[in-house]
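Asks: Sequential numbering of the sequence shown, starting at 203, is according to the UniProt record's numbering.
We put the beta carbon where it would ideally sit given N, CA and C, even for glycine.
Sharing a structure here in structure tokens format.
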Amino acid sequence: NWTTEIFIEEAMNQIRYQVGDKRVLLALSGGVDSSTLAFLLHRTIGNQLTCMFIDQGFMRKGEPEFLMDLFERKFHLQVHYINARERFISKLSGIFDPEEKRKIIGTEFIRVFEEESKRLGPFDYLAQGTLYPDVIESAGINLDSKSGERVAVKIKSHHNVGGLPKDLQFKLVEPLRRLFKDEVRQVGRRLGLPEEIVCRHPFPGPGLAIRILGDVTHEKLNILRDADFIVREEIKKGGLYSNIWQAFAVLLPVRSVGVMGDKRTYAFPIVIRCVSSEDGMTADWSRLPYDLLECISNRIVNEVKGVNRVVFDVTSKPPGTIEWE
Ligand code: XMP
């Protein structure tokens, strides 16, 4: 509609005015906000925009390939893929506490971001997909004493981690800062982002690492990736994906006894977590049809080696949280 058109036109003018011929860095996550931002900036300043995509190894099945294919090969954005998988998982070895896991991942993310932005830079501006609700609680933002522009001292996608060093404080480009989520989706759609991005469920920065309870190993990551893929695929096939806030799998670090063929098994359980929500602050567990649950359960125990039991989480938020860690 026309308000989206006008927004895009005005945002492009403002971006041109603000950054001139300077270089802009963007940390692309593949979420709706950073993807819409990348499209908007690319349309406005072309190759003055550099995107950085940090693969910490905790993404969903096929996600890094999907994103690189889409942004780089299909839409010709300049995206630097950074494979930091081994770095992150080795840092998590032997770590069981949820808060500690989150801290380690956040800190490591900042380190990789620093190193890579020095290598690819220098950059004058950092683009962030700040939305209106984030502006209201604008922690981690200072005003530049000379220009009065907002300056990033923290990275939004991983809150609660230490600030950026002094020599890496960027001026911010935040063209989405007056928008709510549903408006961002309209803008993204208008700019040509595929529905698969526009309508996707939220996904936490620390990724699958906080859906494997306790310590994270390659084996558990592979199991969870495959189980999670099945959950989402069946929910999509059932036509329920867009009515649901989030649907995913969680791996529990215990084993139970089962039987398969004429053999006893001793393997992990997978939890199906599926909720409806308006904003993630409160949530209700989704009453999935029994047939769908049966299909997901059968497929997971048959197709994912290392899993012999599937359970369904019937806890709302509060008292549960959406994620398990
Ligand atoms: P909880 O588990 O607190 O989650 O009920 C509420 C919403 O926030 C998402 N979430 C995160 N998103 N970084 C993010 O970007 C994080 O560390 C993080 N932790 C939780 C969660 O997926 C849900 O949508």
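For Arg-289 and Gly-323, what's the separation of their Cα atoms in angstroms?
Replies: In the sequence shown, counting from the first residue as 1, residue 289 sits at position 87. In the sequence shown, counting from the first residue as 1, residue 323 sits at position 121. The straight-line gap from Cα to Cα measures roughly 22 Å.
Asks: Could you give the DSSP three-state label for Arg-218: helix, strand or coil?
Replies: The residue you call residue 218 lines up with position 16 of the sequence shown. Arg-218 falls in the helix class under three-state DSSP.
Asks: So, is the C-beta of Leu-426 closer than 8 Å to a C-beta in chain D?
Replies: Checking the listed chains, one finds no chain D in this structure; it contains a single protein chain.
Asks: Taking 7 Å as the cut-off, does the CB of Arg-304 come closer than this to any heavy atom belonging to the ligand XMP?
Replies: For this step, residue 304 is matched to residue 102 along the sequence shown. Flag set: Cβ of Arg-304 near the ligand XMP.
Asks: Identify, in the order they occur along the chain, each residue of the same chain with its Cβ nearer than 8 Å to the Cβ of Lys-465, setting aside the five sequence neighbours on each side.
Replies: On the sequence shown, position 263 is the one that residue 465 refers to. Closer than 8 Å at Cβ, skipping near neighbours: no residue.
Asks: Roughly how many angstroms lie between the CA atoms of Ile-291 and Val-418, to the nearest whole one?
Replies: By 1-based counting over the sequence shown, the position of residue 291 is 89. By 1-based counting over the sequence shown, the position of residue 418 is 216. Whole-angstrom Cα-Cα distance: 7 Å.
Asks: By the 10 Å Cβ neighbour count, where 16 or more other Cβ atoms means buried, how is Gly-441 classified, buried or exposed?
Replies: One-based indexing of the sequence shown puts residue 441 at position 239. By the 10 Å Cβ count, Gly-441 comes out exposed.
Asks: How far does the beta strand (DSSP E) with Ser-458 in it extend, from its first residue to its last?
Replies: Here residue 458 corresponds to residue number 256 of the sequence shown, with the count starting at 1. Counting along the chain, the beta strand (DSSP E) containing Ser-458 begins and ends at 458 to 462.
Asks: My assumption, with CB atoms under 8 Å, is that Phe-372 sits in contact with Phe-325. Please give the rounded CB distance.
Replies: Here residue 372 refers to the residue found at position 170 when the sequence shown is read from its first residue. Here residue 325 refers to the residue found at position 123 when the sequence shown is read from its first residue. That belief holds up - the Cβ atoms of Phe-372 and Phe-325 are roughly 6 Å apart, short of 8 Å.
Asks: How do the stretch 494 to 511 and the stretch 385 to 403 stand: do at least 3 beta-carbon pairs fall below 8 Å, yes or no?
Replies: Segments in contact, no.
Asks: Leaving out five residues on either side along the sequence, give the residues of the same chain with a beta carbon under 8 Å from the beta carbon of Leu-381.
Replies: Along the sequence shown, read from residue 1 onward, the residue named residue 381 stands at position 179. Excluding sequence neighbours, Leu-381 sits near Phe-209, Leu-333, Tyr-334 and Val-389.
Asks: From Asn-445 to Arg-391, what distance separates their C-alpha atoms?
Replies: As a working note, residue 445 is residue 243 in the sequence shown. As a working note, residue 391 is residue 189 in the sequence shown. Their backbone Cα atoms lie some 18 Å apart in a straight line.
Asks: Run through the DSSP bridge pairs and tell me what Cys-253 is partnered with.
Replies: Here residue 253 refers to the residue found at position 51 of the sequence shown. BP columns for Cys-253 point to Leu-228 and Val-281.
Asks: Please name the residue in Gly-463, Phe-405, Arg-489 and Val-512 whose C-alpha comes closest to that of Val-456.
Replies: Translated into positions along the sequence shown, residue 456 becomes position 254. Per the Cα distances, Val-512.
Asks: Could you check whether the Cβ of Gln-330 sits closer than 7 Å to any heavy atom belonging to the ligand XMP?
Replies: In the sequence shown, the residue the question calls residue 330 occupies position 128. Because no heavy atom of the ligand XMP lies under 7 Å away, the Cβ of Gln-330 does not count as near it: no.
Asks: Measure the alpha-carbon distance for Ser-518 versus Gly-482 and round it to whole angstroms.
Replies: To locate residue 518, count along the sequence shown from 1; it is residue 316. To locate residue 482, count along the sequence shown from 1; it is residue 280. Using only the alpha carbons, I get a separation of about 11 Å.
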